[in-house]
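What follows is one structure encoded as structure tokens, with my remarks underneath.
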Amino acid sequence: MPLHLFCARCGRRLERGITYYIVTVTLTAEVEGGIFQGRGEGDLEAIFSQVREKSAQELEEEVYQRFQFLLCKPCRDVFVKYPLGDEVSFSPVGQT
Ligand SMILES: [Zn+2]
Numbered sequence: 083m084p085l086h087l088f089c090a091r092c093g094r095r096l097e098r099g100i101t102y103y104i105v106t107v108t109l110t111a112e113v114e115g116g117i118f119q120g121r122g123e124g125d126l127e128a129i130f131s132q133v134r135e136k137s138a139q140e141l142e143e144e145v146y147q148r149f150q151f152l153l154c155k156p157c158r159d160v161f162v163k164y165p166l167g168d169e170v171s172f173s174p175v176g177q178t
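Take a look at the structure:
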């Protein structure tokens, strides 16, 4: 049985020979100044308490997630213009 590929945005079937695009999103957690910077003992105990209450999977998902999906050309063009959605302006890291 042949494997069929579909655009993740519009659902269009990506026929043999058509150009499609692979989007890879890596989402990582960061804390400005570091997680322990400027925190007192009570704050640290609260952080450790929150960590103890979560499963390893929950903790991993909070700090790192990776998504990958396929797009057709028209959806690729829209995605490049509005990667965060139609209503959200986009400013890549390091640019203002
Ligand atoms: Zn599409």
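Under this note's numbering, think of the first position of the sequence shown as 83, with each following residue one higher. Built from N, CA and C at the ideal position, the CB exists for glycine as well. Fair warning: this is a prediction, and the values are worked out from it, not measured in the lab.
DSSP three-state assignment for residue i, whether helix, strand or coil
| i | result |
| --- | --- |
| Q119 | coil |
| T178 | With a pLDDT of only 46 at T178, under the threshold of 50, the placement of this residue in the model should not be trusted; the figure read from the coordinates follows. DSSP places T178 in coil when its eight states are reduced to three. |
| R134 | helix |
| V162 | helix |
| I104 | strand |
| C157 | helix |
| L186 | A question about residue 186 goes unanswered here, because the residues of the chain that appear run from 83 up to 178. |
Inter-residue spacing [alpha-carbon to alpha-carbon] between residue i and residue j
| i | j | result |
| --- | --- | --- |
| R158 | L166 | 13 Å |
| K155 | G93 | 12 Å |
| F130 | E123 | 11 Å |
| V160 | L153 | 10 Å |
| V133 | T101 | 44 Å |
| D168 | I104 | 20 Å |
| L126 | L109 | 24 Å |
| Q119 | A128 | 14 Å |
| A90 | Q150 | 10 Å |
Distance between beta carbons of residue j and residue i, contact taken as under 8 Å
| i | j | result |
| --- | --- | --- |
| R95 | F88 | 6 Å |
| A111 | E144 | 6 Å |
| V113 | R148 | At roughly 20 Å, the Cβ-Cβ gap does not stay under 8 Å, so V113 and R148 are not in contact. |
Check: residue i C-beta below 8 Å from any heavy atom of ligand 1
| i | result |
| --- | --- |
| P156 | yes |
| L153 | yes |
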